[in-house]
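Under UniProt numbering, think of the first position of the sequence shown as 1, with each following residue one higher.
One structure below.
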Amino acid sequence: MSTTSFKGIVLNSIDYEDNHQVLTIFSDKYGKIGMVALGVNKPASKNKYALQTFNLSEFEIFKSRQRHTLSKLKTAILIKDHFEITKNYDNYMYVSAIGKIIEQATLDRQKNFRIYTILLNLLEKINLNENPFSNFVLTLFKLIQFFGGDWILNQCYRCYRSYKFYRAFNFEDYGLVCPNCVREDDPIQSAEFVSYIMKLKTTNVETEEIQIVPIKYHIYLVKHLFNYYEQTLGIWNPILEQIKEKEFVKNLKNV
């Protein structure tokens with residue numbers, strides 16, 4: 001049987017019998033792919049260090065013919081570990097939440113190099129402890145487009161006209177509101193926050209540095225992203241719930 005090789009990030013591993021593991025990898029060539037790693041839990045295994053959660057590795061596998069059946073790992077070579085993430089509980093929660101979302105919401109062997117790049121970028125930044133919470137929030141936002149989500153950030157969602165300035169962002173309909181369409185029951189938001197929301201459409205999380213903005217903007221944004229994922233996209237997991245229940249998230253009411 002011929003083999004195929006690719007780079008991938010370990011999303012999850014489950015022990016199987018005494019010495020084996022079932023792995024979920026998000027790869028550059030195949031998207032999410034499942035495989036069995038035989039003998040990886042043996043002390044003499046050369047593959048085990050490459051298979052730690054969130055490590056980036058080069059995989060050589062015997063790829064199964066059916067996308068929903070497990071492939072078989074031949075070798076795994078570690079490219080980059082992200083061990084520093086495990087030293088901070090909050091940082092580990094942030095990447096675990098994103099990893100679980102990708103595992104939940106993507107189909108087997110549906111290639112998406114953008115998601116792969118976004119995930120790898122997040123891991124590298126949080127491994128260096130670079131703005132971990134802000135990078136988590138912006139990654140949450142960037143991923144919604146791949147799961148059927150869309151926020152209207154280039155025009156007023158009520159009159160469908162584009163303006164240089166907007167009065168508010170409506171978090172019930174997830175669209176900008178222009179001065180001509182604003183209503184009494186629209187949220188009161190600062191001009192700076194609305195300007196920040198507008199820039200999310202063009203912010204390239206994969207390559208650009210996080211904008212220097214008040215942390216309360218990211219906290220306020222993530223509160224609504226949590227609602228959007230759960231109520232609109234139907235994507236939720238216990239790790240997101242843990243972050244949602246943190247006091248600094250719960251206590252912020254407005255910007």
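Just so you know, even glycine gets a beta-carbon here, dropped at the ideal spot from N, CA and C.
Under 8 Å, do L51 and S96 count as touching if we go by C-beta distance?
No; because the gap between Cβ atoms is not below 8 Å, this pair is not in contact.
Check the C-beta distance from A44 over to Q21 and give it rounded, since I have them as a contact under 8 Å.
About 15 Å; that fails the 8 Å criterion.
Over the uninterrupted beta strand (DSSP E) stretch that includes G149, give me the two end residues.
That residue, G149, is in no beta strand (DSSP E); it is neither H nor E in DSSP.
For F146 versus I197, is the C-beta distance shorter than 8 Å?
Taking 8 Å as the cut-off, the beta carbon of F146 is found no closer than this to the beta carbon of I197.
Looking at the strands, I want to know which residues DSSP matches up with A37.
Q21
I85 to P179, Cα distance in whole Å?
44 Å
Any contact of the region 100–110 with the region 222–235, i.e. 3+ C-beta pairs under 8 Å?
yes
Which residue comes first and which comes last in the beta strand (DSSP E) that contains F59?
F59 -> beta strand (DSSP E) spans 56–62.
For T202, the three-state DSSP class (helix, strand or coil)
coil
Enumerate in chain order the residues of its own chain whose CB-to-CB distance from K158 is below 8 Å, with the five nearest sequence positions on each side excluded.
Checking the sequence, you will find Arg at residue 158 rather than Lys. Counting only Cβ-Cβ distances below 8 Å, and skipping sequence neighbours, we find G175, V177, C178, C181.
When the Cα atoms are used, what is the spatial distance from L200 to L153?
8 Å
Sequence-distant residues of the same chain with beta carbon closer than 7 Å to R161, five excluded per side:
So the qualifying residues of the chain are Q155, C178.
What residue does the beta strand (DSSP E) around K74 start on, and which one ends it?
71–80
In terms of DSSP beta bridges, what is I239 paired with?
Bridge partners of I239: none, in fact.
Would you tell me roughly how many angstroms separate the C-alpha atoms of H82 and N55, rounded to the nearest one?
Distance between H82 and N55, taken at the CA atoms: about 6 Å.
Assuming contact is defined by CB atoms lying nearer than 8 Å, are V40 and K48 in contact in what I supplied?
yes
With DSSP collapsed to three states, give me the class of G234.
G234 falls in the coil class under three-state DSSP.
Buried/exposed call for P132, threshold 16 Cβ in 10 Å:
buried
Near the ligand FAD: N112 beta-carbon under 7 Å from a heavy atom
Among the ligands in the structure shown, none appear at all, so the ligand FAD cannot be discussed.
Quick one: using the 10 Å Cβ neighbour count with 16 as the cut-off for buried, is T24 buried or exposed?
buried
With DSSP as the reference, please indicate the residues paired to G8 in a beta bridge.
S27, S57
Rounded to the nearest angstrom, what separates N127 and E192 at their Cα positions?
30 Å
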